[in-house]
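Comments concern the structure below.
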Amino acid sequence: MAEDLTSQVLQVLDSADGPVLTSEAFPNASFVAVKSAVDRLRSREYLLAEQIDRIELALTKEGEDIAEKGSNGARVFEAVRAALEGLKIKDLPAAVGDANVAKFGSGDAFKQKWVKKDGDVLRATADTIQDEVQQHLQQIRENKSLDNARVVADFKKRKYVVDQKSYAFKISKGPKFSTEFVKEETDLTAEMLASGAWKTVQLKPYNFKAKGALTPSGALHPLNKVRQEFREIFFEMGFEEMPTNRYVETGFWNFDALFVPQQHPARDLQDTFYISDPLKADPPREDPVPETPGSKELPTHKRTKSREKTLDYKQYWDDVKAVHEHGKFGSIGYRYPWAADESLRLVLRTHTTAISTYMLHKLALNPRPVRYFSIDRVFRNESVDQTHLAEFHQVEGVIADWGLTLGGLIGFMEVFFGKMGIKNLRFKPAYNPYTEPSMEIFSYHEGLGKWVEIGNSGMFRPEMLEPMGLPKDMRIYGWGLSLERPTMIKYGVNNIRELLGHKVDLNFIETNPAVRLDKE
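Structure below.
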């Protein structure tokens with residue numbers, strides 16, 4: 001606990017004729033104790049105070065040793081002078097008692113011409129010397145300064161002294177100065193009220209300028225804040241959120257159902273994380289229909305009668321296999337031997353489109369216009385760098401309806417990105433195994449001064465939709481983008497590893513502001 005200097009400060013001021021410097025009046029007191037007393041008296045107008053900060057010189061450990069024992073050169077001189085017949089060079093470390101002092105001090109002693117070499121023997125050239133280094137360091141220790149810039153610069157280079165910031169107060173008597181400091185009560189008690197003592201006691205005034213203590217609280221991650229903004233946009237446009245709690249998928253849902261061939265590079269170990277235990281999932285079987293998002297049923301002619309009660313996964317499996325191997329539903333397929341074991345391998349999902357595929361397969365029970373979206377984590381076996389992680393978040397949207405066209409997709413993308421404040425778009429033809437036509441979406445980035453890709457989109461292929469049992473005339477839009485890129489732009493993060501992973505600064509998470517996308 002800091003010493004209470006309140007009464008001592010008042011006594012010093014009472015005996016002084018003018019302002020007092022606390023560093024001179026209380027040289028041995030800690031700054032914390034002095035500041036506590038000054039703040040207490042200043043807030044009650046007992047005194048006036050001005051804080052004075054200045055840079056002083058302080059001795060290092062090596063500097064303190066020299067100030068006490070002498071410089072290295074002087075210690076070498078004393079060892080040589082003490083040897084009446086001279087001192088052999090090889091015996092110098094033992095005579096000085098420190099090999100480093102002997103090594104560096106011998107050079108200083110030769111330079112000052114305090115000793116000379118006579119063969120392999122050192123001899124003193126004088127009876128006494130003046131050790132200016134020691135004297136200067138003693139002066140710095142006493143006065144905290146030295147009026148010789150050249151010597152100070154040399155001492156700093158040798159690491160004998162360092163700059164040290166010091167704090168002090170220049171104090172003088174205030175309008176309510178008194179030599180007696182009346183103890184103040186901090187609480188108004190029931191006893192004071194009952195006895196009437198509250199009329200005479202001195203109550204401590206409120207300090208309305210004091211900063212309150214920080215209240216520990218939870219904080220949303222920036223990704224969650226931007227994610228919520230995206231969710232609000234989707235809900236505003238009539239979308240339903242898909243369940244995305246399955247991080248582990250089979251190769252069937254992650255690749256095959258999306259018409260991705262089994263020889264595709266994305267299915268290599270270099271691009272995908274495969275599960276080692278268990279290696280494979282069970283073969284497909286017929287299951288009861290899970291509950292689907294509610295919607296008004298369409299007329300009977302718009303429904304697939306063979307799938308009104310159950311989802312026949314076995315038939316779906318056979319149709320996907322057929323469309324890959326020889327083609328079906330009007331397609332010639334990829335024409336390669338499709339392997340069931342490859343389709344049953346378990347993987348960490350590489351995109352949330354695997355969930356979209358599953359939801360569209362359930363939609364075949366009751367085909368109707370729907371709008372689905374999802375925002376969740378996906379995994380890619382990529383090298384981690386400033387812009388890539390092995391796991392990130394994908395924002396995905398799906399629209400199913402009759403009569404959809406590519407022009408409608410372009411128009412919808414302009415509306416969707418416009419709600420995020422992104423209005424200057426370009427579309428470039430692209431290739432995706434499960435969409436045709438496909439388009440990459442670009443926007444002009446004002447900060448970078450160039451066009452940057454912000455998403456991918458397309459219309460799902462018949463080879464993907466018809467094996468599900470969806471009507472031939474139903475069309476489905478799909479598009480996606482990452483969650484990390486807009487978050488990094490909004491929060492000014494240049495390295496994605498500072499946003500997600502073990503390098504995240506928790507102070508940044510706790511203090512980051514709420515994000516607001518520039519909506520129309």
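Numbering of the sequence shown is given in the UniProt record's numbering, commencing with residue 1 and proceeding in unit increments. Glycine included, every Cβ here is placed at the ideal spot set by N, Cα and C. For clarity, every value in this text was computed on a predicted model and none was experimentally measured.
Check, Outcome
"Of the residues V162, D282, G330 and T352, the one placed nearest Y247, counting alpha carbons only", "T352"
"Residue environment, I355, which counts as buried when at least 16 other CB atoms sit within 10 Å", "buried"
"The region 393-404 in contact with the region 475-484 per 3-pair CB rule at 8 angstroms", "yes"
"Separation of E142 from L10, as counted between CA atoms", "27 angstroms"
"Distance between beta carbons of F379 and L425, contact taken as under 8 angstroms", "In fact, because the Cβ distance is near 29 angstroms, the residues do not count as touching under 8 angstroms."
"Distance between F230 and residue 523 (C-alpha atoms, nearest Å)", "Coverage of the chain is limited to positions 1 through 520, which leaves residue 523 absent and any answer about it impossible."
"Status (buried if at least 16 other CB within 10 Å, exposed otherwise) for R227", "buried"
"Residue closest to T272, alpha-carbon to alpha-carbon, out of F255, F259, D282 and P93", "F255"
"Contact between the region 330-337 and the region 457-470 (3+ Cβ pairs under 8 angstroms)", "yes"
"Three or more C-beta pairs below 8 angstroms linking the region 417-437 and the region 448-458", "yes"
"V20 versus S145: straight-line alpha-carbon distance, rounded", "21 angstroms"
"Cβ separation of H221 and I441, assumed to be a contact under 8 angstroms, to the nearest whole Å", "H221 to I441, Cβ: 26 angstroms. No contact."
"Spatially closest choice to F208 from H264, D312 and S43, by CA coordinates", "S43"
"Where the alpha helix (DSSP H) through K116 begins and ends", "It is not in any alpha helix (DSSP H) - K116 instead sits in the beta strand (DSSP E) that spans V115 to D118."
"Nearest candidate by alpha-carbon position, reference T350, set R371, Q315 and Q394", "Q394"
"Nearest neighbour of Q134, chosen from K225, G63 and W198 [CA to CA]", "G63"
"For H393, the first and last residue of its enclosing beta strand (DSSP E)", "E391 to W402"
"Inter-residue Cα distance where the pair is P462 and F235", "28 angstroms"
"Distance CB(L258)-CB(F392) smaller than 9 angstroms", "no"
"9 angstroms Cβ cutoff met for L13 and I171", "yes"
"Contact check, R497 vs K503, beta carbons under 9 angstroms", "yes"
"Buried or exposed by the 16-neighbour rule on C-beta atoms within 10 Å, applied to H264", "exposed"
"Sufficient close CB pairs (3 or more, under 8 angstroms) joining the region 176-196 to the region 56-71", "no"
"Rounded separation between E241 and Y316 - CA only", "24 angstroms"
"P429 in three-state terms, based on DSSP", "strand"
"Alpha carbon of H326 to alpha carbon of A339, nearest angstrom", "13 angstroms"
"Candidates K321, L344 and D312, of which the one nearest K362 by Cα", "D312"
"In chain order, each alpha helix (DSSP H) run of at least 4 residues that lies wholly inside the region 179-215", "190-195"
"Buried/exposed call for G421, threshold 16 Cβ in 10 Å", "exposed"
"Coarse secondary structure for I332, derived from DSSP in three states", "coil"
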